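Student: Below is one structure. I have some questions about it.
Okay, structure coming up:
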């Protein structure tokens, strides 16, 4: 029985599409976790908690934008990208680049009060994606 630990080689387009899909999942999870934490911060006073509980955790920052300085202070993205190394290895990209790019993108969304859209993922990861060489 041949058991391999690495996925079979795939065309660059499939790897890129897979990376974007996996990153999209990491982003939604990070925003969800940040929203759950945001509900328990001064940005969400008791008077607004009932309203906040009616909003999806992953979109709460669109109603309660967060000053970028508080992202770290409140630990909104702490451990948010703990699967980034696994995803990076699977799709052949640098894990630190992936973590940093995801962190920057999510921080920008939180601070701007903007909801995540998949169409922004390629731009957010552009520094991490190696373009295939053309013959």
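In the working numbering, the protein residues as written are 440 to 574. Glycine included, every Cβ here is placed at the ideal spot set by N, Cα and C. Bear in mind that the values here come from a model prediction, so they are computed numbers and not experimental data.
In three-state terms, what does DSSP make of residue 447?
Tutor: Here residue 447 scores only 49 on pLDDT, less than 50, and its place in the model should not be relied on; the value that follows carries that caveat. Of the three classes helix, strand and coil, the one that applies to residue 447 here is coil, per DSSP.
Student: Is residue 494 closer than 7 Å to residue 594 when the C-beta atoms are compared?
Tutor: Because the chain here runs from 440 to 574, residue 594 falls outside it and cannot be looked at.
Student: With residue 497 and residue 474 assumed to form a contact (beta carbons below 8 Å), what rounded beta-carbon distance in angstroms separates them?
Tutor: 6 Å
Student: Is the region 526-534 in contact with the region 452-465, if contact means three or more CB pairs nearer than 8 Å?
Tutor: yes
Student: Span of the alpha helix (DSSP H) holding residue 560?
Tutor: Segment 560-563, the alpha helix (DSSP H) holding residue 560.
Student: Sort 519, 535, 547, 539 by Cα distance to residue 508 and report the nearest one.
Tutor: Of 519, 535, 547, 539, the residue nearest in Cα terms is 547.
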